[in-house]
Amino acid sequence: MNEQTLRKLEFHKVKEQVAHFTLSPAGLQLAEAMRPSGDYTRVAAWLRETEEAANLLAGGASIPLSAMEGIDPFLSLLGKGRIYNEQELEQLGVWLSSVYQMKRYMNAKRQQAPTIAGYADSMNDCPDLREQLNTCIRFGMLTDEASPDLSYIRRQTHIVEDQIGKRMAGAMGKYKSSLQEAVISKRSGRFVLSVKRELRKNVPGTVLDESASGQTLFIEPVEVAEMQLELHQWKAAEERERTIVLSRLSDEAEKYSSELKTNVQAMAIFDFIIARGKYARSCGGVRVGLSEKPIVSLVEARHPLLGESCVPLNVELGLKWNQLMITGPNTGGKTVTLKTMGLLVIMNQCGLLVPAAPESVLGMYAHVEADVGDGQSLEQSLSTFSSHISVLKDMLRLAAGKSLLLLDELAAGTDPSEGIALSIAVLEQLKRQGAKLAATTHFNEIKTFASRTEGCQNGRMAFDPDTLRPLYRLEIGEAGDSHAFAIARRFGIPETVMARAEELLSFKGGSETYLEIPAANNGDINSQITDNDGARQESRETTGKADLPADSPGGKTRAYAKGDVVWIYPLKRAGVVFKETDERGNLIVQVQGQKLKFNHKRVKPYIAKEKLYPGESYDLDIVFESKENRKARHLMNRKHAEGVEIIIKPDERS
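Whatever position you read off the sequence shown (first residue = 1), add 53 for our numbering.
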């Protein structure tokens with residue numbers, strides 16, 4: 054299943070929603086890597102997992118998943134001799150506690166969720182390591198219980214600090230008249246008094262610092278100098294013991310390297326499975342029947358991205374017929390029907406529960422190919438028809454009994470008669486190859502083919518002729534009409550235009566339609582063509598042979614004015630003339646916001662500017678310039694605007 058098909062069916066949006074429900078980076082990676090499988094056993098196991106997860110969530114369970122914060126960097130450094138700090142080891146301890154809770158939870162839910170509960174058996178909460186970490190580290194610091202030596206050192210440190218505090222209080226009272234302020238502060242980890250510079254000799258001791266103004270000296274009184282040295286020694290001893298304890302705990306974590314990595318994988322799988330269960334509950338997904346045969350039997354199915362607002366779909370393919378031709382009006386839901394079928398098949402083969410009735414059945418497909426949307430691309434020089442043909446070529450190459458093919462707008466984008474003939478030939482070939490196919494079309498010939506061909510079936514999107522609104526309901530067994538006239542009237546096309554359209558349309562035999570074109574010379578079509586050609590020849594003569602190529606005898610370059618609309622042969626679309634024809638016969642045309650250069654031979658007149666704009670004074674900058682540039686130009690015309698600029702490329706200067 055190629056990435057282009059998955060994107061056309063909007064599977065990437067489903068993956069994004071599943072990924073949103075994950076908690077851990079590892080679980081997110083699994084969600085982003087989700088792909089459909091063609092293995093029946095694997096898909097069945099995935100569906101059991103998702104169903105069990107959804108059932109656990111439906112029971113109001115609070116599943117003890119872990120976000121695994123900081124665990125990936127921790128594991129990446131295992132085996133490299135690193136001594137971890139308190140914060141890293143505390144995160145490991147918290148995570149091992151969540152592993153322990155997950156094992157307990159899954160053991161308690163073994164009857165309700167036997168498949169996913171079994172995955173907890175591979176997890177090891179490393180009880181010895183977990184107990185050591187929880188005992189030795191609390192609130193990001195080593196506890197006194199981390200080692201007897203650490204506890205003894207900290208007690209001695211507290212005793213010395215208390216003694217220093219008492220002596221500093223005495224010194225502060227003794228030298229009160231010499232102090233800048235009666236407070237005890239610290240400099241370089243030592244207790245000091247703030248003494249006035251001019252009274253420095255009144256306070257014996259060591260100057261450790263001075264204020265920014267130089268008027269205050271921070272002096273360590275001689276009374277506490279020896280005790281502060283002792284305190285420094287105890288602090289150094291504490292740091293050495295801290296390193297010893299952290300090294301011991303880091304070595305202990307190294308012993309469980311394999312178990313820790315297995316725990317990460319298992320927790321990521323739990324995270325991914327629970328995310329699938331959460332997504333199933335969010336879209337109303339259920340576990341439908343799974344068949345090894347390539348079939349689609351959907352009952353009350355809904356597109357997961359449209360939610361409860363969409364009309365449920367009932368559709369069948371691969372049981373009584375292998376090809377389904379879906380007809381009906383535009384905006385009637387034909388394309389949504391194709392997308393729903395394809396997306397639900399892919400979701401099912403990814404282990405996701407689908408929004409449909411439980412009696413629905415989805416089979417296994419090796420290939421799902423979709424041609425939805427016109428696929429037109431200016432960059433790749435692809436027209437709508439070229440895009441269809443490119444996809445058809447791949448479908449014919451890959452089509453087999455386990456292929457699901459979805460074709461939107463058969464025979465579109467080219468001459469109808471040739472497109473219909475080609476489409477029917479393709480349908481016949483795909484039928485011989487055994488592929489399962491659903492397609493949409495407006496052409497009666499394809500509807501007739503489906504009604505007369507064994508293994509093919511027509512379906513129509515229901516339409517209310519009274520309200521002129523589509524009902525978005527698929528009805529199997531009947532071909533539908535496009536209702537083009539009814540829809541045109543609903544959207545406000547003038548009645549004079551509609552009356553003329555109905556006048557031109559004739560019905561022959563109640564089924565086939567053709568346009569009744571007014572004929573010249575008593576209906577002689579050949580005479581009409583001759584007369585039309587003669588009129589064109591006369592036009593050339595009266596216009597100075599303006600239609601002749603510039604390099605032909607008597608020919609001259611056709612002139613176009615800024616604002617004229619021309620038809621561009623290479624692009625097969627219209628554009629607006631931005632820069633008039635130059636001496637080389639080149640002009641610049643704006644097409645979809647881009648300004649492109651073409652030779653006058655590559656374009657033809659389409660709509661004169663006089664028919665488009667109110668008068669000669671009409672400001673064409675509205676057509677060619679961006680809203681931002683127009684605002685900037687208006688501002689610059691009124692006053693000097695600092696930093697405001699308009700950049701125009703050389704070819705865009707009119």
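Don't be surprised by glycine CBs; every beta carbon is placed ideally from N, CA and C.
Since the structure is predicted, the reported quantities are computational estimates derived from the model, not experimental observations.
{"query": "Please go through the same chain and pick out, in chain order, the residues whose beta-carbon is closer than 8 Å to the beta-carbon of residue 207, but skip the five residues on each side of it.", "result": "197 and 291"}
{"query": "Alpha carbon to alpha carbon, how far is residue 297 from residue 247? Give it in angstroms, no decimals.", "result": "38 Å"}
{"query": "Per DSSP, residue 237 forms a beta bridge with which residues?", "result": "246"}
{"query": "Distance, Cα to Cα, residue 253 vs residue 225?", "result": "14 Å"}
{"query": "Residue 492 bridges to which residues according to DSSP?", "result": "378 and 460"}
{"query": "Going by other Cβ atoms of all chains shown within 10 Å of its Cβ, with 16 needed for buried, is residue 622 buried or exposed?", "result": "exposed"}
{"query": "To the nearest angstrom, report how far apart residue 195 and residue 150 are at their CA atoms.", "result": "18 Å"}
{"query": "Give me the residue from 267, 240 and 289 with the minimum Cα distance to residue 274.", "result": "240"}
{"query": "Please list, in chain order, all residues of the same chain as residue 128 whose beta carbon is under 7 Å from its beta carbon, the five residues on each side excluded.", "result": "313, 314 and 317"}
{"query": "Name, in chain order, the residues that DSSP records as bridge partners for residue 339.", "result": "407"}
{"query": "State the DSSP-derived secondary structure class of residue 658, mapped to helix, strand or coil.", "result": "strand"}
{"query": "Could you check where the alpha helix (DSSP H) with residue 189 kicks off and where it finishes?", "result": "180-189"}
{"query": "Leaving out five residues on either side along the sequence, give the residues of the same chain with a beta carbon under 7 Å from the beta carbon of residue 677.", "result": "631 and 643"}
{"query": "Would you mind sorting residue 259 into buried or exposed? The rule is 16 or more other CB atoms within 10 Å of its CB.", "result": "exposed"}
{"query": "Considering residue 423, what are the terminal residues of the beta strand (DSSP E) in which it resides?", "result": "420-424"}
{"query": "Less than 8 Å separating the beta-carbons of residue 330 and residue 110?", "result": "yes"}
{"query": "How about residue 369 and residue 529: are their beta carbons less than 8 Å apart?", "result": "yes"}
{"query": "Please name the residue or residues paired with residue 108 in a DSSP beta bridge.", "result": "Residue 108 is not bridged to any residue."}
{"query": "Should residue 102 be labelled buried (16 or more other beta-carbon atoms within 10 Å of its own) or exposed?", "result": "buried"}
{"query": "With DSSP run on the structure shown, which of helix, strand or coil describes residue 366?", "result": "strand"}
{"query": "Out of 392, 340 and 514, which has the shortest C-alpha to C-alpha gap to residue 381?", "result": "514"}
{"query": "Excluding the 5 residues flanking residue 139 on each side, which residues of the same chain have their C-beta closer than 8 Å to its C-beta?", "result": "190, 193, 194, 195 and 299"}
{"query": "To the nearest angstrom, report how far apart residue 549 and residue 665 are at their CA atoms.", "result": "22 Å"}
{"query": "Helix, strand or coil: which one does DSSP assign to residue 531?", "result": "coil"}
{"query": "How far does the alpha helix (DSSP H) with residue 300 in it extend, from its first residue to its last?", "result": "275-308"}
{"query": "Between the Cα of residue 638 and those of 154, 647, 628 and 657, spot the shortest distance and give me the residue it belongs to.", "result": "657"}
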